[in-house]
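In the numbering used here, the protein residues as written are 110 to 689.
Cβ coordinates follow ideal geometry from the N, Cα and C atoms, glycine included.
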RNA sequence: GGGCAAUUAGCUCAGUUGGAUAGAGCGUCGGCCUCCGGAGCCGAAGGUCGGGCGUUCGAGCCGCCCAUUGCCCA
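Structure (structure tokens):
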């Protein structure tokens, strides 16, 4: 959990007085307890109560202090409440009450909440930003699919998650680099080269049976045909040379396709790191030497072993087989060794959940390298693809929706991303193509985008009518006094906290849930309070409030990599299905 | 056989250092457009938080056992 000091630091981002409600209450409470010569309890919590009727924020301090002070929790709470009331010179609190077993509940005055609008207006879409990361150098590695075929929908989930986590970390003051690790060395790559070579010869009329263990997607056939066109005499070359050409061409083409798919999904990596370059540059040996210097490797049966049992693994692992071949583990160690040598304070890897057994080993390796705790592995559970409630087979040969590109073309990047980022990464996800594609209320992404578009529609109408939003400090804000006005202010005030905790937990779904709630508050407001016909002064105040909602929605959607359209007909276009 | 996760409303899911009557969307049923976009709003019904035991003032959350499901490893 964040120390309280961070909250103050975050507020310094804005000019003037810190308007954070939670912090304001905490400061007042601390001061009050101090005057009463009571300590601040270690487990003191200040949080919004579950039910609105209990006020804006609730503190459990009296319950924690009652025991040691030998007083009844409620009596002590009353005494603290009286102390707080006596010192609320600025009248920021509307109500200070004691409830239940001894909760201390406060409700802020409307004027306090109106101050939030100044924060949002001043920050614009930068609202919610902070420096809690203090420029920490963080690397996020994600997708990193083997370049043996196009990305599938599971990769899409990892891509959306990694990209959004990077956005969250940037927003909270981290120095972030996004990386894709290209596994272009090793056995899978040999199989890829062999697969293309085999198809090429088959296409040339040679009667060769399929291999048991090779890539058989149609894209292999396409690549083989192209390679043959490009190298007409390839069949006359020495086989090793021909296979090498097949391999290089295949990797280049598949990788280009992967990059295109990610671009279409609005995911961008800063660094594409080649495993082969790691091997070629001798980095593997460097890492081995590092481990050997720490006495953590040994030779046995002609193989090189790493003593992972010293770090909690259930057995030691091989780094280099007796045949001289390197294991995946070996290059992964070298890769992470390299990451830390590049100066990252913290490294985040996003992996498919089927690799979970690999996590302790990798953590052990990082510890062995002297960087315990610097690696965070996020596991992403499987995505099951449905169409009208029925499972779509995911095998390479099955239906036409197996690739990420097809799915994105069918439902649109916004809808796909929002769904991916609406769920905790460690729970399996159902992705129903028809549901996600639907432009209706069962689709949360449109609900949120519509809220944003609704505000902009009103702002445009207001402009035509010559009504401008009020200035953030205007006296007319006093008109924002209904429960719906204040509810929206409260929601807006939460946003920086939401961003901070989402970044800390590396959990973008916290943001998407928040956005749904803010959108709901906006839609409710829209139905209950007419803006443009409410009289010039009221209209101006309400326009300011709603434009702050739009700003915050846009800031939040940006963290998810989802567009914030000003008109809904602008989003429907990229959801139009491709031919067929 | 061992390990990692998951289990919350009919469905899909939130609920993070243990706190007040467990929430949302969809679906179902019933309401709301002479007015800023109805892609919306309001209301109702719907729960043994998989089961059991324990820890304590208090457990969806922590511990142990069991069940089911998924994955990893031998």
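For residue 535, same chain residues with a beta-carbon under 7 Å away, outside a window of 5 residues either side, are 488, 490 in chain order.
Here residue 352 is near residue 302, since their CB atoms are less than 8 Å apart. Under the 10 Å beta carbon count, residue 345 is surrounded by fewer than 16 other beta carbons and is classified as exposed. Within the stretch 192 to 239, the runs of beta strand (DSSP E) that reach at least 3 residues and sit entirely inside it are, in chain order, 202 to 208, 212 to 217. A straight line joining the alpha-carbon of residue 148 with that of residue 616 spans about 34 Å. The closest CA to that of residue 207, considering only 241, 198, 164, 199, is found on 164.
In the DSSP assignment, residue 411 falls outside any beta strand (DSSP E) and carries neither an H nor an E. In the DSSP assignment, residue 390 falls outside any alpha helix (DSSP H) and carries neither an H nor an E.
Inter-segment contact for the stretch 300 to 318 and the stretch 643 to 656 is absent: fewer than three beta-carbon pairs are separated by less than 8 Å.
Close CB contacts of residue 568 within its chain, under the 7 Å cut and outside five residues either way in sequence, are with 652, 656 (chain order). In the three-state DSSP reduction, residue 429 falls in the strand class (E or B). When C-alpha distances from residue 457 are compared across 665, 660, 210, 286, the shortest belongs to 286. Going by beta carbons, residue 234 and residue 667 fall inside the 8 Å limit. By alpha-carbon distance to residue 320, the top candidate from 468, 383, 341, 308 is 308. Our two residues, residue 462 and residue 210, have alpha carbons roughly 43 Å apart in a direct line. Under the three-state reduction of DSSP, residue 671 is assigned to coil, being neither helix nor strand.
Taking C-beta atoms as the reference points, residue 470 and residue 417 count as a pair closer than 8 Å. Residue 574 carries a coil assignment under DSSP once its states are collapsed to helix, strand and coil. Going by DSSP, residue 329 is part of no beta strand (DSSP E) but of the alpha helix (DSSP H) stretching over 327 to 339.
Here the stretch 602 to 617 makes no contact with the stretch 671 to 681; the two share fewer than three CB pairs at distances below 8 Å. Distance from the CA of residue 483 to the CA of residue 450, rounded to the nearest whole angstrom, comes to 13 Å.
Listed in chain order, the beta strand (DSSP E) runs fully inside the stretch 520 to 606 are 538 to 541, counting runs of at least 3 residues.
For residue 248, the enclosing beta strand (DSSP E) stretches over residues 246 to 250. Secondary structure of residue 467 (DSSP, three-state): helix. Taking every protein chain shown into account, the CB of residue 597 has 16 or more other CB atoms within 10 angstroms, so this residue is buried.
Rounded to the nearest whole angstrom, the C-alpha separation of residue 406 and residue 413 is 7 Å. In this structure, DSSP gives residue 489 an extended state, which the three-state scheme calls strand. By the Cβ neighbour-count rule, residue 222 is buried, with 16 or more other Cβ atoms within 10 Å of its own. Look at residue 314 here: in three-state DSSP terms it is coil, with no helix or strand label.
One alpha carbon belongs to residue 158, the other to residue 137, and they sit about 18 Å apart.
With at least 16 other beta carbons inside 10 angstroms of its own, residue 429 counts as buried. Counting along the chain, the unbroken alpha helix (DSSP H) around residue 634 starts and ends at 618 to 637.
The three-state secondary structure of residue 444, taken from DSSP, is helix. For the pair of segments examined, the stretch 378 to 385 was found to touch the stretch 281 to 298: the number of CB pairs separated by less than 8 Å reaches three.
Beta-bridge partners of residue 286 (DSSP): 248. Beta-bridge partners assigned by DSSP to residue 261: 512.
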